[in-house]
Every structure is written in C-alpha cells, then in structure tokens.
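Structure record follows, encoded as structure tokens.
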Amino acid sequence: MTDHVITESRKTDNDKKIRLITLVSTIGGLCFGYDTGVISGALIFMKNDLGLTPLQEGLVTSFLLFGAAIGSVGGGWLSDRQGRRKNILWVAVIFIFGALGTAVAWDMSSMIIARFILGLAVGCASVTVPIYISELARPAQRERLVT
52 MTDHVITESR KTDNDKKIRL ITLVSTIGGL CFGYDTGVIS GALIFMKNDL GLTPLQEGLV
112 TSFLLFGAAI GSVGGGWLSD RQGRRKNILW VAVIFIFGAL GTAVAWDMSS MIIARFILGL
172 AVGCASVTVP IYISELARPA QRERLVT
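The sequence shown begins at 52 in the numbering used here and counts up by one.
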C-alpha cells in the first residue's frame, strides 16, 4: 500500500515537472509566432525610418524564414551533438541577440542580418524543443505535449 502511494506521489511530481518544462520550452514557439507576425505592423514604421522599398520590405520579411530553414537543418545535428537542453539554452541566447539586433538596426542590411539570426533560432527551436519534450514525457503524455 505504501509503495503504491509513494509511486503515485512521484508520478504526480514528475508530471508537474514535465508540464513546467513543457511550458518553458514551448516559449520558443511563442517567439516564432511573435517574430513572424510582428513584422507586418513594424514594416509600416521601418519603411519610413529605414527608407525601404517594397522589394526590401520583402527581403526583411523573408530572411527570418530563410534563417529558420537553415536553423532547422542544423538544429537537429547540434542537439544530437551537444544535447537538447544545452541547445535550447543556446537558442535562447540567439533569440536575445536577434531581438536586440532588430531593435537597434540602423539600415536595411543590419535588419536583414538580425532577422536572419532570429530565423536561425526559430528553426533550431522548432526542431529541438519537440524532441526534448518527447524525450522527457512518459509515453502516455507524449501525444498531448508534443502536438
């Protein structure tokens, strides 16, 4: 009887821990949505401040996705090489640098570079985070936590 209660208690504690890790880890998805969506409102001001043409607006917008494509290819390899948790921490650092870069961009080129850096983080996070969560979760939880 006591063993069953202890096992259930550990299971509940583990479930809470997994949910917290999942919540924190999926902030990468929030960053992805924010970074891809916020550009539409920001372009109005960027067009005037940076003097962007329609072609340059398209470049600023699309370089995040270009970086994400490259980041997703390299993200799996990096997470295998250095571990999922460490990779997620590095992705958070890259997100910070990319966000700071977009905040202080002084011309179109600096904005494109910052957006590309953000894209690398987005791509890497979109590969690493679901794998990390699925490895931590019990089989019964995986479907709900990863999808």
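Where a beta carbon is used, it is the ideal one built from N, C-alpha and C, also for glycine.
If we call anything under 7 angstroms between Cβ atoms a contact, is Ala156 one with Ala150? Within the sequence shown, residue 156 is the residue found at index 105, counting from 1. Within the sequence shown, residue 150 is the residue found at index 99, counting from 1. Not closer than 7 angstroms, so no.
Short of 8 angstroms in beta carbon distance, which residues of its chain neighbour Ile168, apart from the five on each side in sequence? Order them along the chain. Residue 168 sits at position 117 when you count from the first residue of the sequence shown. Closer than 8 angstroms at Cβ, skipping near neighbours: Gly118, Ile145, Phe148, Gly149, Gly152.
Leu101 to Asp158 span [Cα, whole Å]: As a position in the sequence shown, residue 101 is number 50, starting the count at 1. As a position in the sequence shown, residue 158 is number 107, starting the count at 1. Approximately 5 angstroms, taken between the alpha carbons.
So, is His55 buried or exposed, given that buried needs 16 or more other C-beta atoms within 10 angstroms? Translated into the one-based positions of the sequence shown, residue 55 becomes position 4. With a pLDDT of 49 at His55, under the threshold of 50, the predicted position of this residue should be treated as unreliable, and no value is reported.
Taking the alpha helix (DSSP H) that Val142 falls in, what are its first and last residues? In the sequence shown, the residue the question calls residue 142 occupies position 91. Here the alpha helix (DSSP H) through Val142 covers 135 to 155.
For Thr179, report the span of its alpha helix (DSSP H) as first-last. Within the sequence shown, numbered from 1, the residue matching residue 179 stands at position 128. Per DSSP, Thr179 belongs to the alpha helix (DSSP H) from 159 to 187.
Closest Cα partner of Val124 within the set Val111, Ala191, Gly134, Val173: Reading the sequence shown from its first residue, position 73 is the one you call residue 124. Val124 has its Cα closest to that of Val173, out of Val111, Ala191, Gly134, Val173.
Local conformation of Leu116 per DSSP, three classes: Indexing the sequence shown from 1 puts residue 116 at position 65. Leu116 falls in the helix class under three-state DSSP.
If I measure Cβ to Cβ from Thr138 and keep anything under 6 angstroms in the same chain, skipping five residues before and after, which residues do I get? The residue labelled residue 138 in the question sits at position 87 within the sequence shown. Going by the sequence as given, residue 138 is Asn instead of Thr. Answer for Asn138: Leu129, Ser130, Thr179, listed in chain order.
Look at the alpha carbon of Leu110 and the alpha carbon of Ser160, and state the distance between them as a whole number of angstroms. For the purposes of this step, residue 110 is taken as the residue at position 59 of the sequence shown. For the purposes of this step, residue 160 is taken as the residue at position 109 of the sequence shown. Each residue's alpha carbon lies about 10 angstroms from the other.
Identify, in the order they occur along the chain, each residue of the same chain with its Cβ nearer than 7 angstroms to the Cβ of Leu171, setting aside the five sequence neighbours on each side. Start at 1 with the first residue of the sequence shown, and residue 171 comes out as number 120. So the list reads Gly118, Ile121, Gly122, Ile145, once near-sequence residues are dropped.
Residue burial classification, Lys67 (beta-carbon count within 10 angstroms, cutoff 16): Numbered from 1 along the sequence shown, position 16 holds the residue referred to as residue 67. Result: exposed.
Is Asp54 helix, strand or coil by DSSP? Taking the sequence shown and counting its residues from 1, one reaches residue 54 at position 3. At Asp54, the pLDDT of 49 sits below 50, so the modelled position is not reliable; the number obtained from the coordinates is stated separately. If DSSP states are grouped into helix, strand and coil, Asp54 belongs with the helices.
My output table needs one value for Val89: the three-state DSSP class, helix, strand or coil. Taking the first residue of the sequence shown as 1, we reach residue 89 at position 38. Coil, per DSSP.
For Leu187, which residues in the same chain have their Cβ closer than 7 angstroms to its Cβ, ignoring the five residues on either side in sequence? Taking the first residue of the sequence shown as 1, we reach residue 187 at position 136. The answer, listed in chain order, is Ile69, Ile72.
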